[in-house]
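Numbering (the working numbering), first residue to last: 19 to 289.
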C-alpha cells in the first residue's frame, strides 16, 4: 500500500506546526497580517550576506563615475524618508551592467544597472523604479517568495525558524545559490501591483510627479511587445510589464494628482 497519503498528512501537520511556531506579523507597508517564517532580522542578514556577491555576479559596481551612485542613493533615501518601513538598512548601488535591470534583496539592499539608467527619461522615472524596489524590500516580497519555496519543498523544520540565530536561518543566509535566485526571481502579479501602488505613493510624498510611473510602465509595455534585446533577460524577466499595471498606475496617479517634480534636466546632466 502506498505511504503517500500518510506522508502528505505528516507534511501538512509539519507545516501547521511551523505556522504555529513562527506565527504571523503585520506587514509594515500594507498593514495586513501575514505569515512570518523569516523574521525582519533574518531578512536583513540575508540581504547583507548576499549583497556583495550579487553585485559581483551582475558586473560589479559602476566605479567610473562614483557620483552617479551617490545621485541614485540621494533619490533612494529621499523615498525611504517617506516610506512605511524605515527600519531597514537601505543601500543603493549602480552596477556596471548594460542589461536594463533593477533588483532588491531582503533587508533593503537595492541595485540599478547602468543599462537601465541610460534608458530612463527623467529623475521622476528613476524615482518610480526605486520606489518600486523599496516596496519589494519593505513589504518583504523576497522573503515571502522564499517562504513559499521552502514550504513547497518541505525543507523547513518547525524548531528552526522561531529564533533569529537558528541553525536553519544560518543555512538560509549562507546558501550559495541564494543571491542569484533572489536577483532573478519573478514576483507574483499581486506583488508587482503592490510595489507599483505604494512606490507611486512614495513618489508623490517625496515631491515627484506620479505620472512618471505611468510613462515608465507604458515604455516597458511598448518595449516588451517589441521584444527589445536585453530587456527580456533583464527587467522584464523578473518584473513582467503589463497593460494592467499601466492602467492601475494611471488610475492612482489621477487620484494622487499629477503635479510634482519631473527632473528631466537634472537627470540628463547627471546620467
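Every residue gets a Cβ at the ideal spot worked out from N, C-alpha and C, and that includes glycine.
In this text, all values refer to a predicted model and were calculated from it rather than measured experimentally.
Can you tell me which of the options puts its alpha carbon nearest to the alpha carbon of residue i?
i: residue 265; options: 239, 279, 111; result: 239
i: residue 62; options: 138, 75, 157; result: 157
i: residue 213; options: 160, 164, 287, 249; result: 160
i: residue 249; options: 84, 134, 220; result: 134
i: residue 224; options: 99, 42, 44; result: 99
i: residue 216; options: 85, 253, 148, 258; result: 148
i: residue 285; options: 49, 70, 116, 85; result: 85
i: residue 255; options: 82, 138, 90, 205; result: 205
i: residue 136; options: 126, 151, 119; result: 119
i: residue 102; options: 221, 228, 68; result: 221
i: residue 52; options: 163, 66, 262; result: 163
i: residue 228; options: 259, 77, 209, 271; result: 271
i: residue 78; options: 90, 48, 132; result: 132
i: residue 257; options: 106, 210, 287; result: 210
i: residue 67; options: 89, 126, 105; result: 126
i: residue 226; options: 97, 105, 90; result: 97
i: residue 45; options: 90, 121, 104, 91; result: 104
i: residue 60; options: 259, 165, 260; result: 165
Does residue i come out as helix, strand or coil in the three-state DSSP assignment?
i: residue 272; result: helix
i: residue 279; result: strand
i: residue 120; result: strand
i: residue 261; result: helix
i: residue 255; result: helix
i: residue 66; result: helix
i: residue 43; result: strand
i: residue 79; result: strand
i: residue 55; result: coil
i: residue 205; result: coil
To the nearest angstrom, report how far apart residue i and residue j are at their CA atoms.
i: residue 141; j: residue 281; result: 5 Å
i: residue 277; j: residue 232; result: 13 Å
i: residue 108; j: residue 153; result: 11 Å
i: residue 343; j: residue 72; result: No information on residue 343 is available, as it lies outside the stretch 19 to 289 that the chain covers here.
i: residue 128; j: residue 58; result: 16 Å
i: residue 117; j: residue 43; result: 36 Å
i: residue 207; j: residue 150; result: 13 Å
i: residue 244; j: residue 274; result: 31 Å
i: residue 236; j: residue 279; result: 19 Å
i: residue 124; j: residue 82; result: 27 Å
i: residue 247; j: residue 234; result: 18 Å
i: residue 251; j: residue 262; result: 21 Å
i: residue 242; j: residue 65; result: 29 Å
i: residue 269; j: residue 219; result: 12 Å
i: residue 48; j: residue 287; result: 36 Å
Could you check how far apart the C-beta atoms of residue i and residue j are, in whole angstroms? I think they sit under 8 Å.
i: residue 145; j: residue 93; result: 6 Å
i: residue 111; j: residue 87; result: 6 Å
i: residue 143; j: residue 54; result: Wrong, their Cβ atoms sit about 33 Å apart, outside the cutoff.
i: residue 80; j: residue 114; result: 4 Å
Taking only runs that begin and end inside the region 88–153, name each unbroken beta strand (DSSP E) of 3 or more residues, in chain order. 109–113, 120–123, 127–131
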